[in-house]
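Throughout the sequence shown, residue numbering follows the working numbering, covering -1 to 369 in sequence. Have a look at the structure below, then the notes.
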Amino acid sequence: MATHKLLLLPGDGIGPEVMGEVKRLIDWLNAAGIAKFETDTGLVGGSAYDAHKVSISEGDMAKAKDADAVIFGAVGGPKWDAVPYEVRPEAGLLRLRKDLALFANLRPAVCYPALADASSLKREAVEGLDIMIVRELTGGVYFGEPKTITDLGNGQKRAIDTQVYDTYEIERIGRVAFELARKRKNKVTSMEKRNVMKSGVLWNEVMTQVHKREYPDVTLEHQLADSGGMMLVKWPKQFDVIVTDNLFGDMLSDIAAMLTGSLGMLPSASLGEVDVKSKKRKALYEPVHGSAPDIAGKGLANPIAMISSFGMALRYSFDMGDLADKVDAAIAAVLASGLRTADIKSEGTTSASTTQMGEAILKELQKLHAS
């Protein structure tokens, strides 16, 4: 059995609490002989700043590069608001993404039937929702040059951000989306603003070419990003895989997040390119929620997004799709039983702490594995 190297970066706030529930799951997988994970733990964000005066140390960065996958908690909090910009907690995550060349951000939006009433949309619009947003993560307006603020005099300034995409960047994110769609409902919706942006014209052109040349078996639709956002709120179940650029992906994935009822439920993956020789790819998995410093240390955090992020690692880094399916099924069973952490609590349900929720999910997983 192959040994997989994991670097755990719990981070700040509720990060260590929710990471503890993933560690419990990993320990059981190892003890039961289902998988073999070798784990190391490092510091990132505010905790790294407190220890080393940087957002991630060179030593932990080297461990991240050596690992088969990085499992990341959350960073930040008011405690570090006054630290220099270049060593702010979030800079640790940005450096990991940059140095590991993680260009594809996968944000699933899944609405478990037991939580359909927690969504801001009607139950019939979201019950059974299962969509995947694929966001290009290393290009576009967030990284384009020039990026400046110029003083024009007379109290006037000019700010410039540059939206830049090359053909190869669009091709590689397109391939990720098409490959994912082949394992799902075989449909990709590409979103851009070709009606007003030259980068949108190129994006549309390249997606069309990649589809025709390499993935003619997959259904491809094109949609303007603004109308796509409207459709996400109107009837989200029409979508399967949505692929889009960095800026629109940032916004559309947050819209999709709220369809499910709680940010505490949502995982994410950031993937690099597949290495030609090893056939492996660098990857980082993290929950979408923040560090929630107001509830840190109180046992109130929802560990489901963190556990689901580890489930994504099983699926996309270690080819353990069956086990990932069982993790998802265990979460659904626990929610169907009425167990709830504070963020998803409703009338008639049973309150659970972070640890109680993690233990319940592990018990369900053990049952599923034994059956």
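No residue lacks a Cβ here, since even glycine has one placed at the ideal position from N, Cα and C.
{"Item": "Determine contact between the segment 94 to 105 and the segment 126 to 146, defined as no fewer than three beta-carbon pairs at a distance below 8 Å.", "Value": "yes"}
{"Item": "Specify the secondary structure class of Pro144 as computed by DSSP and reduced to three states.", "Value": "coil"}
{"Item": "Please state if the CB of Phe237 and the CB of Ile168 are separated by a distance shorter than 9 Å.", "Value": "no"}
{"Item": "In terms of DSSP beta bridges, what is Val239 paired with?", "Value": "Met130, Val186"}
{"Item": "So Ser349 packs on Ala116, CB below 8 Å; how close in whole Å?", "Value": "At roughly 15 Å, the Cβ-Cβ gap does not stay under 8 Å, so Ser349 and Ala116 are not in contact."}
{"Item": "Helix, strand or coil: which one does DSSP assign to Gln154?", "Value": "strand"}
{"Item": "Run through the DSSP bridge pairs and tell me what Ala281 is partnered with.", "Value": "Leu269"}
{"Item": "Specify the secondary structure class of Leu41 as computed by DSSP and reduced to three states.", "Value": "coil"}
{"Item": "Whose C-beta lies closer than 6 Å to the C-beta of His373 among residues of the same chain, with five residues either side of it excluded?", "Value": "A query on residue 373 cannot be resolved here, the shown segment of the chain reaching from -1 to 369 and no further."}
{"Item": "Give me, in chain order, the residues of the same chain whose beta-carbon lies closer than 8 Å to that of Asn370; leave out the 5 immediate sequence neighbours on both sides.", "Value": "No information on residue 370 is available, as it lies outside the stretch -1 to 369 that the chain covers here."}
{"Item": "Identify the continuous alpha helix (DSSP H) that holds Ala107 and give its terminal residues.", "Value": "Here Ala107 belongs to no alpha helix (DSSP H); instead the beta strand (DSSP E) covers 102 to 108."}
{"Item": "With C-beta atoms as the reference, is Val325 less than 9 Å away from Met355?", "Value": "no"}
{"Item": "By DSSP's criteria, Arg173 is part of a beta bridge. Which residues make up the other side?", "Value": "The partner list for Arg173 (beta bridge, DSSP) is empty, contrary to what the question assumes."}
{"Item": "If you check the beta carbons only, do Lys365 and Ala334 fall under 9 Å apart?", "Value": "no"}
{"Item": "Kindly indicate which residue of Ile302, Asp215, Val108 has the alpha-carbon position closest to the one of Ser351.", "Value": "Ile302"}
{"Item": "From Lys235 to Ile342, what distance separates their C-alpha atoms?", "Value": "22 Å"}
{"Item": "Could you tell me the boundaries of the beta strand (DSSP E) in which Pro291 lies?", "Value": "Run containing Pro291: none; DSSP gives neither H nor E here."}
{"Item": "Would you say Ala267 and Ala281 are within 9 Å of each other, going by their C-beta atoms?", "Value": "yes"}
{"Item": "Residues in its own chain within less than 7 Å of Tyr213 by CB, not counting five upstream and five downstream?", "Value": "Phe176"}
{"Item": "Output the distance between the C-alpha atoms of Leu363 and Ala322, rounded to the nearest integer angstrom.", "Value": "10 Å"}
{"Item": "Alpha carbon to alpha carbon, how far is Gly126 from Ala179? Give it in angstroms, no decimals.", "Value": "17 Å"}
{"Item": "So is Tyr47 buried or exposed if we call it buried at 16+ other beta carbons inside 10 Å?", "Value": "buried"}
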